[in-house]
Amino acid sequence: MAGVSTKEIKTRIRSMESTRQITRAMEMVASAKLRKAQSQALNCRPYFETLYATMWDIVNHDRDFSSPYLAKRGGNKAAFIVISGDRGLAGGYNSNVLKLLNAQMEGKDASILPIGKKGADYFKAHQIPVLTENYTTAETVNIGDCFSVAKQLCKAYLQGQYDKVYVVYTDFRSVLSQETRCLQLLPLEKQGDAPSGTVREMLYEPDSETVFAAIVPEYLGGVLYGALCESRASEQAARRTAMDAATQNAQEMIEGLSLQFNRARQAAITQEITEIIAGS
Amino acid sequence: MNTFSLKIVTSDGLRYEGQAEELIVRTVDGDLGILAGHINCVAPLGMGMATAIIDGEKRYGACIGGMVSVLDGSVKLVPTTFEWAVDIDIARAKASEERAKEILANKTSSDTDIRLAEARLKRSLIRQSVTRYK
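As they're listed, the protein sequences go chains A and B.
As numbered in the numbering used here, residues 1 to 280 make up the first sequence, in order.
As numbered in the numbering used here, residues 281 to 414 make up the second sequence, in order.
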């Protein structure tokens with residue numbers, strides 16, 4: 001190989017090898033964390049689904065529309081809870097969340113509550129004001145934090161600070177597929193037509209206002225925690241896939257370079273032999 | 281006795297899914313008993329003991345926060361935390377009680393700390409009382 005010395009190639013192989021070592025280690029770490037996050041997400045899923053389904057059942061059965069949580073408002077003020085990761089090198093995980101957020105934010109007077117360091121950094125860099133920076137490490141946010149966030153948002157919502165509340169998160173479908181989603185939390189708008197024909201009575205204990213005032217914050221907190229679990233599992237899965245791909249790329253490059261190196265070495269030997277023969 | 285389908289889920293997983301004969305839970309307004317054929321109903325939960333009769337056998341649990349809903353005959357209990365009496369770690373509940381009492385006894389604690397400690401104290405007392413019914 002003209003122009004490239006064997007020494008140069010050797011150095012490149014070495015550096016590639018150390019890169020591969022790092023990416024492989026990161027993949028291993030992500031796999032271990034994924035297992036934990038995945039079981040947490042799967043544990044949480046029945047809760048998330050039941051809570052969601054029950055809430056919508058209640059909302060769709062509602063016949064007196066007194067609760068402010070159910071009323072649609074005309075305003076344009078929206079609060080977004082954005083769940084991102086704390087670290088990079090997770091493929092498109094963080095950027096996909098932010099991309100979806102930017103698309104959703106368009107045309108709205110948006111306030112943002114970031115969960116996760118990457119999201120918080122992004123808003124800082126783009127000088128987008130955030131509501132609070134208390135939850136910038138997604139890994140340490142626990143269920144209690146979710147409930148206190150939910151309570152705060154409900155209070156602000158009732159005071160009319162926001163007209164809509166969304167959560168932007170990543171749904172963990174499987175280890176290989178994750179999907180970013182934007183879920184509307186408030187107001188609880190009826191889906192489709194109200195059940196017609198048989199009007200089923202719903203008993204509120206003690207009365208509908210108290211019921212909604214008590215369970216909506218619970219619902220929000222629960223859904224938020226579910227979204228957080230899903231996002232965490234997605235982050236680790238995305239990182240594992242990304243690191244797996246990086247390890248494979250490094251492997252391929254090392255193979256290519258080794259081939260080059262061997263050719264260069266052989267060419268040098270051949271040249272030496274030719275010189276010796278020519279000299280004798 | 282007639283049965284209804286009961287599902288108890290919390291954020292750390294499914295606690296029970298199957299048929300039950302009776303469920304008594306503590307709502308914010310007092311105890312609510314549910315038998316098969318109950319009217320559609322929804323109520324927020326308070327803090328207290330939940331009793332379920334499953335296969336003629338009484339089972340007790342500590343049930344805190346969340347909601348209970350009856351829709352078309354199926355009952356869903358979605359509490360913030362729920363433990364069956366047999367799963368409760370008494371030592372942990374006791375330790376939590378001590379910690380909460382310490383904070384409450386401390387005159388310099390902040391308002392939020394006091395509120396959290398009160399809630400913690402209540403939870404640990406409920407857990408301890410439920411274990412007596414094991």
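Glycine included, C-beta positions come from ideal geometry on N, C-alpha and C.
| Item | Value |
| --- | --- |
| Going by the beta-carbon positions, is the gap between Val358 of chain B and Tyr47 of chain A smaller than 8 Å? | yes |
| With DSSP collapsed to three states, give me the class of Tyr296 of chain B. | strand |
| Measuring only between beta-carbons, confirm whether Leu315 of chain B sits less than 8 Å from chain A. | no |
| Is the beta carbon of Thr136 of chain A closer than 8 Å to that of Gly116 of chain A? | yes |
| Taking the continuous beta strand (DSSP E) assigned at Asp121 of chain A, which residues delimit it? | Run containing Asp121 of chain A: none in the beta strand (DSSP E); it sits in the alpha helix (DSSP H), Lys117 to Ala125. |
| Say whether chain A places a C-beta atom closer than 8 Å to the C-beta of Ile304 of chain B. | no |
| Can you check whether the C-beta of Ser291 of chain B is within less than 8 Å of a C-beta belonging to chain A? | yes |
| Determine the DSSP secondary structure at Pro206 of chain A, reduced to helix, strand or coil. | coil |
| In this structure, does DSSP put Asp163 of chain A in helix, strand or coil? | coil |
| Comparing C-alpha positions only, which one of A:His61, A:Cys154, A:Leu42 and A:Arg35 sits nearest to Ala213 of chain A? | A:Cys154 |
| From what residue to what residue does the alpha helix (DSSP H) around Lys72 of chain A run? | It is not in any alpha helix (DSSP H) - Lys72 of chain A carries neither H nor E in the DSSP assignment. |
| Check whether the stretch 51 to 60 of chain A touches the stretch 293 to 304 of chain B, taking contact to mean three or more Cβ pairs, one atom from each stretch, closer than 8 Å. | no |
| Kindly indicate if chain B contains any beta-carbon less than 8 Å away from that of Ile58 of chain A. | yes |
| If you count every other CB in all the chains shown that lies within 10 Å of the CB of Glu49 of chain A, and 16 or more means buried, which is it? | exposed |
| Could you tell me whether the stretch 222 to 229 of chain A touches the stretch 324 to 338 of chain B, using the rule of 3 or more Cβ pairs below 8 Å? | no |
| Identify each residue in the stretch 397 to 409 of chain B for which the Cβ-Cβ distance to at least one residue of chain A is less than 9 Å, and report them in chain order. | none |
| Counting only Cβ pairs nearer than 9 Å, list the residues of chain B close to Thr54 of chain A. | Val322, Met347, Ser349, Leu351, Lys356 and Val358 |
| I need the boundaries of the beta strand (DSSP E) containing Ile421 of chain B, first residue and last residue. | Nothing about residue 421 of chain B can be read from this structure; chain B reaches only from 281 to 414. |
| DSSP has Met347 of chain B in a bridge; who is on the other side? | B:Pro324 and B:Val358 |
| Do you know offhand how far Leu183 of chain A's Cα is from Gln260 of chain A's? | 52 Å |
| Please state if the CB of Ala245 of chain A and the CB of Tyr93 of chain A are separated by a distance shorter than 8 Å. | no |
| How many whole angstroms separate the CB atoms of Thr247 of chain A and Glu27 of chain A, which I take to be in contact at a CB cut-off of 8 Å? | 6 Å |
| Checking 8 Å against the spacing of the C-beta atoms, do Ser291 of chain B and Gly222 of chain A come in under that value? | yes |
| Should Arg173 of chain A be labelled buried (16 or more other beta-carbon atoms within 10 Å of its own) or exposed? | exposed |
| Taking Cβ positions, are Met16 of chain A and Met253 of chain A nearer each other than 8 Å? | yes |
| Going by beta-carbon coordinates alone, are Val322 of chain B and Ala365 of chain B separated by less than 8 Å? | no |
| With DSSP collapsed to three states, give me the class of Gln179 of chain A. | The displayed chain sequence assigns Glu, not Gln, to residue 179 of chain A. The answer is strand: DSSP assigns Glu179 of chain A an E or B state. |
| Is Gly197 of chain A helix, strand or coil when you go by DSSP? | Unreliable placement is indicated for Gly197 of chain A, whose pLDDT of 46 sits below 50; the coordinate value is still reported in the next sentence. Looking at Gly197 of chain A - three-state DSSP - the assignment turns out to be coil, as it is neither helix nor strand. |
| Determine whether the beta carbon atoms of Gly85 of chain A and Leu98 of chain A lie at a separation below 8 Å. | no |
| Is the separation between the beta-carbon of Asp309 of chain B and that of Pro206 of chain A shorter than 8 Å? | yes |
| For chain A, is any of its Cβ atoms less than 8 Å away from the one on Ile319 of chain B? | yes |
| Within the continuous alpha helix (DSSP H) that includes Arg87 of chain A, where are the two ends? | That residue, Arg87 of chain A, is in no alpha helix (DSSP H); it is neither H nor E in DSSP. |
| Put Pro129 of chain A into one of helix, strand or coil per three-state DSSP. | coil |
| List the whole-angstrom C-beta distance separating Leu203 of chain A from Asn320 of chain B, where the pair is believed to meet the contact cut-off of C-beta under 8 Å. | 6 Å |
| Around the C-beta of Ala342 of chain B, are 16 or more other C-beta atoms found within 10 angstroms, so that it is buried, or is it exposed? | buried |
| Just confirm the distance between the C-beta atoms of Lys338 of chain B and Lys287 of chain B, as a whole number of angstroms; I'd bet it's less than 8 Å. | That belief does not hold up - the Cβ atoms of Lys338 of chain B and Lys287 of chain B are roughly 19 Å apart, past 8 Å. |
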